[in-house]
Amino acid sequence: MRASLWCRRLAALAAGAAVLHAAAQAGPALHHPGGMATLPDGTLLLAADAGDGHGTELWAVDARDGSRRLVRDIRPGPLGAHPSGLTLWRGQAYFAADDGQHGLELWRSDGTEAGTTRVADLRPGPEGSLPNGFVAFGDALYFSADDGRHGFELWRTQGTAETTSLVADIHPGAPGGLPRQLTVLGGALLFSASDAEGGTELWRSDGTAAGTRRVRDIRADGDANPEQLTRVGDTLFFTADDGRHGRELWRSDGTAAGTQLVRDIRPGRDSAQPRHLVQAGRWLWFAADDGRHGIELWRSDGSAEGTALVADIRPGPANALPSHLTALGEQVVFAAYDGVHGVEPWISDGTVAGTRLLADIHAGPGHSNAWAFTRLGERIVFAADDGRLGMEVWQTRGAPGDAQLLRDERAGAAGAFPRGFVAVDGRLAFVAEAADGATYLALDGVPARNCGSADSGTVGKAPGAAGCVASAPSSWATR
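Going by the working numbering, 410 is the number at position 410 of the sequence shown; the sequence numbering is gapless.
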């Protein structure tokens, strides 16, 4: 009997030691996390500050056990290199970083110290070229940078100094052509840029200087300012102001003739202000104001007759304000206000009948203020406030009434304000806020039915989510 009891106690001690060992292996807390990128082997790379005197540097996290390590101290000392714009290309992460001598320049990393190197010093000296807007196209990675002579222009790289070059000097002199919103469409890269003759218009490039040109001068007397470039199949949608119709929805196939106003949604010079453009199925979805229904949900197939109001969610001229539009298969999930339930998650299949409240998370007229919707596989993960637990992690697969509390990361009613969700090796990584407002990286398992944190004392249960499973204690988050 005593031997059996002793064995049980030993087993309990061993289990406790295993937990303590796992917690110790987790490593230092990672604060102020920046952009994240997942390497092919499942390693999560991110910019963060461990409070260890290195400042904000590049860190690697192993999702299997939560362990983390400093990849490289790019800028020794407390100031940090502040990596930004992490973009995965050909198995490595490309980003901008400042080593303290060359300014913000282009770097790459395979997740190892030896494999984390500066690609090129485009602007010699401490100012840096400030590379940004990385997009993979063809056999290269394209971006905008300022080499100190041409202003911000279009550049390309294949990962070495020798293959990093200026594509075209769109607008000679400072500040340059300011290429932005680089978007791949077929065999071309489309983007917004400025030159001396046409102002800010739609441009395209095939990766050569000769093949970089303005697509169309949409507004001859000024700047059309193309914004929200979004590809749907072989069509690029964007918003622009031609000086006659206000800011409306446009489309392009990359040619001047194929760049056209889709529809003057709000007739005349007033603007419909299309916003939150997203592709779901073969449609473009967006929010717009036609001057009669307020800001509501619309969709378009690229033709005038195929561009229509989906549903008047908040009847009359008042605004439903659809926002955070996110594709879920051929449907779209978004936040909206119908004037009755507060700002809550909605879903639409493109029909009036199929546009419905997904769940009244904050029951009654209160607002859950659902936001940060992120598609991860066949579900949407998002942040919402049910009125009890504060802004926490929720998920849905789009079924009627399907909205489940996935994790109560921060105990109490204040909430953790989670965002920046990334799936990594079967787990969920995200940015959360502590009580003092400082942000940290949280890493959690993602069971299908999860009610919150086992140590929060406020394990919640979403309506209809019977048999929920509590997540790991929040002390396992990488604080």
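We put the beta carbon where it would ideally sit given N, CA and C, even for glycine. Computed from a prediction, not measured in an experiment: that's the story for all the values here.
Item                                                                                                                                                                 : Value
Give a yes or no on whether the C-beta atoms belonging to GLY366 and GLY398 are separated by under 8 Å.                                                              : no
Spatial neighbours of THR116 within its chain, please: CB distance less than 6 Å, with the 5 preceding and 5 following residues excluded, ordered by chain position. : VAL71, ARG72, SER109
Specify, as a first and last residue, the run of the beta strand (DSSP E) that ILE347 falls within.                                                                  : 343-348
Specify the secondary structure class of GLU330 as computed by DSSP and reduced to three states.                                                                     : coil
Secondary structure at LEU122, three-state DSSP: helix, strand or coil?                                                                                              : coil
Nearest-angstrom Cα distance between GLU305 and ASP264?                                                                                                              : 11 Å
Could you check what DSSP says for GLU201 in three-state terms: helix, strand or coil?                                                                               : strand
Measuring only the C-alpha atoms, how far is ALA435 from LEU441?                                                                                                     : 14 Å
Where do the N-terminal and C-terminal ends of the beta strand (DSSP E) with HIS276 fall, by residue?                                                                : 275-280
Measuring only the C-alpha atoms, how far is GLN228 from ARG118?                                                                                                     : 31 Å
Could you tell me if VAL310 is buried or exposed, where buried requires 16 or more neighbouring beta carbons within 10 angstroms of its beta carbon?                 : buried
Which term fits ALA507, buried or exposed, when burial requires 16 or more other beta carbons within 10 angstroms of its beta carbon?                                : Because the chain is modelled from 1 through 479, residue 507 falls outside the range shown and cannot be assessed.
Since ASP289 is in the beta strand (DSSP E), which residue starts that stretch and which ends it?                                                                    : 283-289
Could you tell me the boundaries of the beta strand (DSSP E) in which GLU153 lies?                                                                                   : 152-157
Looking only at DSSP bridge pairs, what is ILE132 linked to?                                                                                                         : This sequence places Asn at residue 132; Ile is not what is there. Paired residues: SER144.
Check whether the Cβ of LEU58 sits closer than 7 Å to any heavy atom of the ligand SAM, and report yes or no.                                                        : This structure lacks the ligand SAM; in fact it carries no ligand of any kind.
Quick check on the burial criterion: 16 or more other C-beta atoms within 10 angstroms. Buried or exposed for ARG299?                                                : buried
With respect to the beta strand (DSSP E) encompassing HIS178, which residues constitute its N-terminal and C-terminal limits?                                        : Reading off the sequence, residue 178 comes out as Leu, not His. Where LEU178 is concerned, there is no enclosing beta strand (DSSP E), given that its DSSP letter is neither H nor E.
Please identify the residue among TRP346, LEU357, GLU409, VAL332 whose C-alpha is closest to the C-alpha of GLU378.                                                  : VAL332
Contact between the stretch 119-127 and the stretch 153-167 is defined here as three or more beta-carbon pairs at a separation below 8 Å; is this criterion met?     : yes
Quick one: grab the DSSP three-state call for ILE74.                                                                                                                 : coil
For ASP264, which three-state DSSP category applies?                                                                                                                 : coil
When the Cα of GLY133 is compared with those of ALA81, TRP155, ASP147, which residue comes out closest?                                                              : TRP155
For PHE191, I'd like the list of residues in its chain whose CB is within less than 6 Å of its CB, leaving aside the five on either flank, ordered along the chain.  : PRO179, GLN181, LEU182, TRP203
State the CB to CB distance for the pair LEU30 and ARG68, rounded to an integer number of angstroms; the pair is presumed to be in contact (CB under 8 Å).           : 6 Å
State the DSSP-derived secondary structure class of ALA50, mapped to helix, strand or coil.                                                                          : coil
Can you look up GLN228 in the DSSP assignment and give me helix, strand or coil?                                                                                     : strand
Out of ALA60, LEU405, ALA240, state which residue places its alpha-carbon closest to the alpha-carbon of PRO28.                                                      : ALA60
To which residues does DSSP link ALA97 through a beta bridge?                                                                                                        : GLU105
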